[in-house]
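Asks:
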Amino acid sequence: MSRLRVTIPSAPTRIAAVVEKTFRALISVIIVCVIYRYCWIDISDPYKCGALLNKGQWLDPGPRWSSKNPFQNWQPPGCMMHEYKRKDIQECFKERRLVFVGDSTTRQIFWAVAKKMDQRRAEEQITEHLDLDLADKHKDLEFSSSGVTVQFIWDPYLNSTGLDRELKSFNANPAQDSKTDESAGLILLGATGLWYARHGQENYFKDFRDSIEHVIPFMDHDGGEHALRAAASQSFPSKRKSPNFLLLAPVQVPWYQALSPSREETITPEKIDQMNDYLQQVSAHSEADIVWSFSLMTWAGQGEYEESGLHVVDNVAHRKADVLLNLRCNADSVGRGYPYDRTCCNNYRQPNVIQWLFVLVGMILLPSVFLLRRKHFLRIGRLLPQPEVLGALMTFALAICHCYYADRTQLFEKEHKQFHKREFFIASSAVLIAGLLSVRMNNPSSPSKGNHKVRAHAFDYGFLSRDQTDEWKGWMQFLILIYHYTHGSKTLWLFEIMRNLVAGYLFMTGYGHAMYFLRKEDYSFTRVASVLVRLNMLTCALAYMMRTDYMAHYFVPLVSFWFLVVYFTLKVKQEKNSSTGFLLGKIFISASLTTAFIKIPGVLEVLAFILKYTFAISWNMQEWRYRAGMDMLIVYIGMATAILYLRFMRIRTASVSCTSKIDILLRPVARHPTPFKTIAIIASVILLPGFRLLTQRSPDREDYLWWHPYISAIPILAFVTLRNSHSILRSYHSAIFA
1 MSRLRVTIPS APTRIAAVVE KTFRALISVI IVCVIYRYCW IDISDPYKCG ALLNKGQWLD
61 PGPRWSSKNP FQNWQPPGCM MHEYKRKDIQ ECFKERRLVF VGDSTTRQIF WAVAKKMDQR
121 RAEEQITEHL DLDLADKHKD LEFSSSGVTV QFIWDPYLNS TGLDRELKSF NANPAQDSKT
181 DESAGLILLG ATGLWYARHG QENYFKDFRD SIEHVIPFMD HDGGEHALRA AASQSFPSKR
241 KSPNFLLLAP VQVPWYQALS PSREETITPE KIDQMNDYLQ QVSAHSEADI VWSFSLMTWA
301 GQGEYEESGL HVVDNVAHRK ADVLLNLRCN ADSVGRGYPY DRTCCNNYRQ PNVIQWLFVL
361 VGMILLPSVF LLRRKHFLRI GRLLPQPEVL GALMTFALAI CHCYYADRTQ LFEKEHKQFH
421 KREFFIASSA VLIAGLLSVR MNNPSSPSKG NHKVRAHAFD YGFLSRDQTD EWKGWMQFLI
481 LIYHYTHGSK TLWLFEIMRN LVAGYLFMTG YGHAMYFLRK EDYSFTRVAS VLVRLNMLTC
541 ALAYMMRTDY MAHYFVPLVS FWFLVVYFTL KVKQEKNSST GFLLGKIFIS ASLTTAFIKI
601 PGVLEVLAFI LKYTFAISWN MQEWRYRAGM DMLIVYIGMA TAILYLRFMR IRTASVSCTS
661 KIDILLRPVA RHPTPFKTIA IIASVILLPG FRLLTQRSPD REDYLWWHPY ISAIPILAFV
721 TLRNSHSILR SYHSAIFA
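According to UniProt numbering, the sequence shown is numbered sequentially starting from 1.
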């Protein structure tokens with residue numbers, strides 16, 4: 001009688017099953033939460049106009065004297081705000097006007113917009129204005145650049161004839177011809193509370209209320225031809241022309257502790273709070289748009305203010321200007337496409353045929369076919385691929401669809417990045433701990449790039465085994481993801497480390513492909529096609545699904561380019577590849593030609609011209625030159641390492657005779673490896689911190705990038721040496737990273 005055999009899953013299998021179930025549950029919870037937020041919480045403000053108008057927080061607060069230059073990153077909830085430059089403003093307003101009405105706090109925003117349009121000329125005019133007497137400073141101002149005019153009307157009480165003229169000519173719907181349109185494209189009214197509090201008498205609040213009631217009919221949704229669609233409460237249209245905006249700023253709350261004694265006596269918290277409370281009531285009972293996010297920008301305390309306690313620092317004034325410009329101009333950018341860096345008060349482009357096809361196949365067709373295949377419908381199952389193939393296709397398609405819904409729709413909220421050292425180290429430490437806990441002995445059945453020998457029932461996989469290189473790629477990808485997620489690119493020392501990680505990946509590209517071609521001698525089209533499809537399939541699908549450029553995902557084109565360089569370098573005269581000197585000579589010639597191809601001006605431009613007018617492909621060759629030039633030598637160093645290691649192993653096993661000078665140099669290393677290994681380990685231990693001390697001397701990115709192509713091999717070869725310095729280190733790897 002046969003016994004019942006029960007197969008008990010191994011510990012790694014059980015752990016993998018638990019991790020898979022946990023991820024499935026987590027993804028399900030995320031999907032439910034996202035749908036709930038989008039369908040119920042965000043239903044009143046789907047395009048985040050209200051979020052931009054009323055809410056927000058600083059991602060980089062700090063004292064005004066901080067060397068980190070704080071108050072540059074303002075985050076409205078759930079969307080990304082664009083920092084407008086001169087070209088953006090000119091494209092938005094063309095020949096229309098921007099009008100600012102109010103006191104000196106509003107004038108700061110006027111100057112902030114002027115600086116965006118022409119920094120040098122604006123600063124000259126600011127200097128001239130500061131030299132005027134106090135009475136002469138209180139006047140109207142005008143600044144023009146690139147056809148756009150910015151006007152400031154000095155009206156601290158909102159009762160001037162200039163204000164009345166602008167209100168009467170305002171029209172929320174822009175005319176087709178900007179030259180004949182008398183309405184300003186954007187009007188900001190600075191609430192007059194500070195002057196009423198400072199100079200008003202007992203009836204200061206009544207006078208303030210009268211001034212606000214004077215302008216509210218022009219801002220109200222029911223105000224006839226001057227009506228403005230309330231951006232905070234109604235759907236924002238996806239169209240080419242944004243509506244003109246008439247906005248009211250709240251009374252700026254000063255930093256009371258910094259006020260002069262005379263101002264402190266009259267500008268009191270009670271007065272300011274009373275006036276802002278009234279504006280809250282006005283906003284609740286009318287369609288007037290009040291920019292409450294201005295108040296939140298100065299809510300935290302002293303750092304946002306200048307020494308006077310009334311005026312804000314330049315960075316805060318610039319972000320106030322950006323809030324206004326994003327409200328007015330973002331809808332015009334719908335047709336611009338990638339990059340989508342202005343998602344506040346904006347809608348995304350409608351999906352095209354290809355995107356709908358991806359969604360149909362990825363979210364309906366493939367899951368349906370997969371379920372049919374798993375249910376074992378015999379009649380249909382014979383015609384369908386295996387479940388493993390269907391599962392892989394479904395996972396691929398769902399990943400593409402997830403990218404689309406996460407980054408090209410309002411379904412997921414967006415947020416600016418801000419680097420915090422603590423977040424980077426916490427995430428990196430978590431990954432490191434997970435990697436150490438998953439250390440396993442290499443799989444004896446897995447292929448190895450080096451020879452492995454049995455030593456006391458343990459495998460020594462040799463130099464740079466497959467498990468080891470997979471582990472190396474894995475932890476580098478984790479760190480690069482954390483680096484980009486936490487916005488570490490603004491930190492020089494992190495940027496330098498990441499550049500060396502990318503160089504390490506390209507080193508393995510050169511080493512791995514050279515090792516394969518030299519050992520297998522497989523230069524077939526099948527091999528080339530399989531590698532290129534594997535590298536580019538996801539990137540090409542994303543380019544169509546996300547409406548981006550192939551070069552936007554620069555690393556895949558870069559790795560594909562260097563794979564082809566390795567392939568053609570070794571394929572040419574492949575019958576002579578048994579000669580080490582010939583191989584190194586081919587590498588030198590290939591490096592010279594590739595460097596000339598990348599660096600000589602005009603070569604890439606001619607290629608771009610041909611691609612554009614033959615295949616309608618537009619690639620940014622300046623960006624490609626920058627990317628390819630940063631690591632133009634490390635791939636060849638990887639190839640040379642593979643060539644020398646293969647020759648070293650053949651000399652060591654006496655499978656070849658030492659005839660060339662290179663063989664004669666390698667022979668003593670092969671026969672007496674211990675002293676040479678010791679020297680290499682000591683040198684690596686010294687070179688790694690020495691390299692860090694050297695790179696600390698670079699003052700900025702440009703200086704470091706000049707040196708990087710020539711010195712990046714130092715930390716990479718040192719790491720390779722230390723990682724392979726002992727058989728135990730070579731025989732174990734981290735399963736999570738691999």
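For each residue, glycine too, the CB sits at the ideal point set by N, CA and C.
1. Once the 5 residues before and after Tyr405 are set aside, which same chain residues still bring their CB inside 8 Å of it?
2. Quick one: residues in its chain with C-beta nearer than 6 Å to the C-beta of Ser684, no 5 flanking neighbours on either side, listed in chain order?
3. Under the criterion of a Cβ to heavy atom distance below 7 Å, does Met80 qualify as lining the ligand FMN?
4. Do Ala735 and Arg319 have their C-beta atoms within less than 8 Å of each other?
5. DSSP state of Met632, grouped into three classes?
6. Tell me, to the nearest whole angstrom, how far the beta carbon of Gln72 is from that of Gly56; I am working on the premise that it is less than 8 Å.
7. For Phe676, which residues of its own chain have a beta-carbon under 6 Å away from its beta-carbon, when the five flanking residues on both sides are left out?
8. Classify Val454 as helix, strand or coil using the three-state DSSP reduction.
9. When the Cα of Ser262 is compared with those of His199, Tyr485, Leu357, which residue comes out closest?
10. In whole angstroms, what is the alpha-carbon distance linking Ser295 and Trp255?
11. Going by CA-CA distance only, name the one from Ser590, Val603, Trp624 that's closest to His551.
12. Grab me the residues of Arg373's own chain with a C-beta within less than 7 Å of its C-beta, minus the 5 sequence neighbours each way, in chain order.
13. Throw me the rounded Cβ distance for the Tyr196 and Ala258 pair, which I believe falls under 8 Å.
14. What span of residues does the alpha helix (DSSP H) with Trp707 cover, start to end?
15. What span of residues does the alpha helix (DSSP H) with Tyr567 cover, start to end?
16. Given that a residue counts as buried once 16 or more other Cβ atoms are within 10 Å of its Cβ, and exposed if not, what is Ser731?
17. Hey, quick one: how far does the beta strand (DSSP E) through Gly190 stretch, first residue to last?
18. Check Phe588 in the structure and name its three-state DSSP category.
19. Determine, using beta-carbon pairs with one atom in the stretch 123 to 130 and one in the stretch 320 to 335, whether at least three such pairs fall under 8 Å.
20. Only counting runs of 3 or more residues, tell me where the beta strand (DSSP E) segments fall wholly within the stretch 409 to 446, in order along the chain.
21. I need the DSSP call for Arg97, collapsed to helix, strand or coil.
22. Whole angstroms is fine: what's the gap from Ile290's alpha carbon to Leu479's?
23. Taking the beta carbon of Gln108 as the centre, do at least 16 other beta carbons fall within 10 Å, making it buried, or is it exposed?
24. So Val150 is in the beta strand (DSSP E); what residue range does that whole segment cover?
25. Candidates Tyr47, Asp322, Ser725, Arg422: which alpha carbon is nearest Gln468's?
26. Which class does Ala249 belong to by DSSP, given the choice of helix, strand or coil?
27. List the DSSP bridge partners of Val528.
28. With distances taken between CB atoms, is the gap from Arg97 to Asp118 smaller than 8 Å?
29. Drop a sphere of 10 angstroms on the beta-carbon of Tyr47, count the other beta-carbons inside from all chains shown, and report buried for 16 or more, exposed for fewer.
30. What do you reckon, are the CB atoms on His513 and Phe555 nearer than 8 Å?
31. Go ahead and pull the three-state DSSP assignment for Ile651.
32. Could you tell me the distance, in whole angstroms, from the CA atom of residue 739 to the CA atom of His553?
33. Please classify Asn54 as buried or exposed, where buried requires at least 16 neighbouring CB atoms within 10 angstroms.
34. Look at the alpha carbon of Phe93 and the alpha carbon of Tyr338, and state the distance between them as a whole number of angstroms.
35. Pair every Cβ in the stretch 632 to 643 with every Cβ in the stretch 512 to 530, then say whether three or more of these pairs are closer than 8 Å.
36. According to DSSP, simplified to helix, strand and coil, what is Val312?
Replies: From the atom records:
1. Scanning its chain for C-beta atoms nearer than 8 Å, with the 5 sequence neighbours on each side dropped, one finds around Tyr405 the residues Leu411, Phe412, in chain order.
2. If we look at Ser684 and ignore the five residues flanking it on each side, its Cβ neighbours are Ala718, Thr721, Leu722.
3. Looking at this structure, you won't find the ligand FMN or any other ligand, since it has none at all.
4. No, they are not a contact pair.
5. Note: Met632 maps to coil in three-state DSSP.
6. The C-beta distance from Gln72 to Gly56 rounds to 13 Å, too long to fall under 8 Å, and the pair is not in contact.
7. Excluding sequence positions up to five before and after Phe676, its CB lies within less than 6 Å of the CB of Val669, all in the same chain and listed in chain order.
8. Any reading at Val454 is ruled out, since the residue's pLDDT is 41, under 50, leaving its predicted position unreliable.
9. Ranked by how close their Cα comes to the Cα of Ser262, the residues His199, Tyr485, Leu357 have His199 in first place.
10. Roughly 12 Å separates the two Cα atoms.
11. The displayed chain sequence assigns Met, not His, to residue 551. Distances from the CA of Met551 to each of Ser590, Val603, Trp624 were compared; the closest alpha carbon is that of Trp624.
12. Answer for Arg373: Gly381, Leu384, Pro387, Leu390, listed in chain order.
13. Contact doesn't hold; Cβ gap of about 21 Å is too wide.
14. Run containing Trp707: 701 to 711, per the alpha helix (DSSP H) assignment.
15. In the DSSP assignment, Tyr567 falls within the unbroken alpha helix (DSSP H) covering 555 to 571.
16. Under this definition Ser731 is a buried residue.
17. Boundaries of the beta strand (DSSP E) harbouring Gly190: 186 to 190, taken from the DSSP string.
18. Phe588 falls in the helix class under three-state DSSP.
19. No: fewer than three Cβ pairs fall under 8 Å.
20. Listed in chain order, the beta strand (DSSP E) runs fully inside the stretch 409 to 446 are 439 to 441, counting runs of at least 3 residues.
21. Strand at Arg97.
22. The straight-line gap from Cα to Cα measures roughly 43 Å.
23. Per the 10 Å Cβ criterion, buried.
24. Element bounds for Val150: 148 to 154.
25. When the alpha-carbon of Gln468 is set against those of Tyr47, Asp322, Ser725, Arg422, the nearest one is in Ser725.
26. Three-state result, Ala249: strand.
27. Looking at the DSSP assignment, Val528 forms no beta bridge with any residue, so it has no partner.
28. Going by C-beta atoms, Arg97 is not nearer than 8 Å to Asp118.
29. Tyr47 comes out buried.
30. In this structure, Phe555 does not lie closer than 8 Å to His513 by Cβ.
31. In this structure, Ile651 counts as helix in the three-state DSSP scheme.
32. One cannot answer for residue 739 here, as it falls past the ends of the chain, which runs 1 to 738.
33. Buried, by the Cβ-count rule.
34. Taken atom to atom, the span from the alpha-carbon of Phe93 to that of Tyr338 is near 21 Å.
35. Cβ pair count under 8 Å is three or more, so yes.
36. Residue state, collapsed to three classes: strand.
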